[in-house]
Every structure is written in structure tokens, then in C-alpha cells.
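Notes to accompany the following structure.
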Amino acid sequence: MHGWLPQLLSALLAFMPVLANGQAAPAQTPAAQPPAAATQPAAPPPPIAAATIESLKVIPLAGKGEVNDLQRKLMAPLVVQVVDNNDRPVENAEVIFRFPIKGPSAMFPGGKTSQTTRTNGQGQAAAMNWIANSEVGSFEVHVNASYGNQIGEATFSMSNANQVVRHTGDNAIRGKQDHWYSPTWVKIALAAGAAGVVAGIVLATRGGGSSSSPGVPITISPGTPTIGH
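When the sequence shown is numbered by the numbering used here, its final residue is 227 and no position is left out of the sequence of numbers.
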């Protein structure tokens, strides 16, 4: 046999799918492909928050222009009413009372300068259990209200004084005085109950001893206010 023949046979076997024993070479099985991941439905876009509307009115019922007596620790009540743009009371609106951090001011329990509460069925809310600090002078009270996407706010002034004095003619009456708030006088009755503290506030026109018309009764049921910083 010629010497080049084995080389030729080897070359042919390398290029032909035939084994040396004449059997067909097994077909190459393609590698298994991993199953395609199931297509996940696209997540819905987050809901668009309703635009905030400044449609609530915050009306001071007590506290605006009033004076806190530091010597006798008599604090003017703070009461507001929240109404909508049709002047209808807004029930269960969130109301936040805020005092200044520095200067003449007041504070809630724990030295906090804000308190959160909610309005009653007449849209009224009161700041509870606060006391003026020892600095004399006027300061602003900020009140914010919100109900859903509706908001409103009010800012009014009150003052701290060493002693409140009511002038009658040329005489200044100190100590014993029936009405020491201006321009209204307020009587507060506190009662503890299972539902929390209830403050019955009666507003009347000023004029000690005069037969003025009866005041407007306001019953505040604040529940448990939230005290903030």
C-alpha cells in the first residue's frame, strides 16, 4: 500500500460523518434552551394625588386679640371654626395650633409648641391644656386646617401680660373682675368623662352685670389631641 493512502483515509474520515465501523455518527443534540420568562404585566402607574385646594376658612371664635394673665395664670381660650367655601361647618377636619418657638409665646404639655386635634360636628376645635410662657408681649398663633385635599389657615395675635387690667372710667379694677377678656368674656367648664375632656365654652358680649343677649354656646369634644414640637 502506498504511504500516502492512510493519510488520505484519515482526512476523509475527518470530514465525513462516518465512523470507522460504517455506522452513522449520532446527530448532535442542540443544548436545551432555558424557558423564556413569562412576560409580567406592566404595573399600573401610581394614582395621581388630587391637587391641594385652599378652600377652607379658619375663623377664630376665641383667643384673637386676647390677653393671658401671667400672674394669675389665666389663659385665654383658643377656639376656631372651620367652614368650607359655602360657609358650611366641616366636621372631622384636622386642625393644628402652633405657637412661636422663641419670644413671648405659650406651650403645650411636655414643652411642645404645637397640638393637633379635629373639629366637631359644628366645625369647631379648641387648643387644650396649654399655658403661656413667662415672657411679656404679643405673639402670633398659627392655625392650619385640612380635610382631604382642602386646606386653610389663619394667623392671629394674642398677648402675655403680667396682670390683666380692666379700666372702668378713671378707675382701674385689679384682682376681682368678672370679665377680664376683651372684647368677649369666657366661662369655661371642664368635665372628665370616658370620651375625654369636654370643654363647654360660652361666649357673650362684654358688659359685666348688664342684661346683654345670651352668648353662643360652643361645646368642644376634642378627644385626645396630638402634641407636636
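In this text, a Cβ means the ideal position worked out from N, Cα and C, and glycines have one as well.
As the structure is a computational prediction, the values presented were derived from the model and not from experiment.
query = DSSP on Ser132, reduced to helix/strand/coil?
reply = Here residue 132 is taken as the residue at index 134 of the sequence shown, counted from 1. The answer is coil: DSSP assigns Ser132 none of H, G, I, E or B.
query = Quick one, which of Ile51, Pro39, Pro43 has its alpha-carbon nearest Glu151's?
reply = On the sequence shown, residue 151 is found 153 positions in, with the first residue counted as 1. The shortest C-alpha separation from Glu151 is found at Ile51.
message = Could you give the first and the last residue of the continuous beta strand (DSSP E) run that contains Thr50?
response = Working through the sequence shown from its first residue, we reach residue 50 at position 52. No beta strand (DSSP E) contains Thr50, which DSSP labels as neither H nor E.
request  = Please report how far the alpha carbon of Ala159 lies from the alpha carbon of Gly61, in whole angstroms.
outcome  = Within the sequence shown, numbered from 1, the residue matching residue 159 stands at position 161. Within the sequence shown, numbered from 1, the residue matching residue 61 stands at position 63. So the two alpha carbons sit approximately 14 Å from each other.
query = Buried or exposed: Pro102, going by 16 or more other Cβ atoms within 10 Å of its Cβ?
reply = Translated into the one-based positions of the sequence shown, residue 102 becomes position 104. Pro102 should be labelled buried.
query = Rounded C-beta distance between Val139 and Phe97? I'm assuming under 8 Å.
reply = Walking along the sequence shown from the start, residue 139 turns up at place 141. Walking along the sequence shown from the start, residue 97 turns up at place 99. About 7 Å; that satisfies the 8 Å criterion.
inquiry  = Pairs of beta-carbons, one from the region 104 to 123 and one from the region 81 to 91, closer than 8 Å: are there three or more?
reply    = yes
key: Beta-bridge pairing of Ser155 - partner residues as DSSP gives them   = The residue given as residue 155 occupies position 157 in the sequence shown. Ser155 is bridged to Glu138.
ask   = Hey, Val93 and Thr111 are a contact pair by Cβ (cut 8 Å); roughly how many whole angstroms apart?
value = In the sequence shown, the residue the question calls residue 93 occupies position 95. In the sequence shown, the residue the question calls residue 111 occupies position 113. Val93 to Thr111, Cβ: 15 Å. No contact.
message = For a test of the three-state rule: what should DSSP assign to Ser103, helix, strand or coil?
response = If you number the sequence shown from 1, residue 103 lands on position 105. Coil at Ser103, not helix or strand.
ask   = Which residue or residues does DSSP assign as beta-bridge partners of Phe97?
value = Taking the first residue of the sequence shown as 1, we reach residue 97 at position 99. Its beta-bridge partners do not exist; DSSP assigns none.
query = Which class does Gly63 belong to by DSSP, given the choice of helix, strand or coil?
reply = Residue mapping note: residue 63 aligns to position 65 of the sequence shown, counting from 1. Here Gly63 sits in coil by DSSP.
query = If you draw a straight line from the alpha carbon of Gly108 to that of Lys55, how long is it in whole angstroms?
reply = Counted from its first residue, the sequence shown places residue 108 at position 110. Counted from its first residue, the sequence shown places residue 55 at position 57. Whole-angstrom Cα-Cα distance: 30 Å.
query = Tell me, which residues are paired with Gly150 by DSSP?
reply = Working through the sequence shown from its first residue, we reach residue 150 at position 152. According to DSSP, which records beta bridges pairwise, Gly150 is partnered with Ala143.
Of the residues Pro75, Gln38, Glu64, Ile149, the one placed nearest Val88, counting alpha carbons only = As a working note, residue 88 is residue 90 in the sequence shown. Cα-wise, what sits closest to Val88 is Ile149.
query = Going by C-alpha distance, which of Ala143, Val162, Lys71, Ser8 is nearest Val77?
reply = Your numbering for residue 77 matches position 79 in the sequence shown. Among Ala143, Val162, Lys71, Ser8, the Cα nearest to that of Val77 belongs to Ala143.
message = Buried or exposed, going by whether 16 or more other CB atoms sit within 10 Å of the CB of Thr153?
response = Taking the sequence shown and counting its residues from 1, one reaches residue 153 at position 155. With fewer than 16 other Cβ atoms within 10 Å, it is exposed.
inquiry  = Checking 7 Å against the spacing of the C-beta atoms, do Ser155 and Ser132 come in under that value?
reply    = Stepping through the sequence shown from its first residue, residue 155 is reached at position 157. Stepping through the sequence shown from its first residue, residue 132 is reached at position 134. Their beta carbons are not under 7 Å apart, which means Ser155 does not touch Ser132 by this criterion.
key: Nearest neighbour of Lys67, chosen from Ile129, Asn90, Phe95 [CA to CA]   = In the sequence shown, counting from the first residue as 1, residue 67 sits at position 69. In the sequence as displayed, the identity of residue 67 is Asp instead of Lys. Closest by alpha carbon: Ile129.
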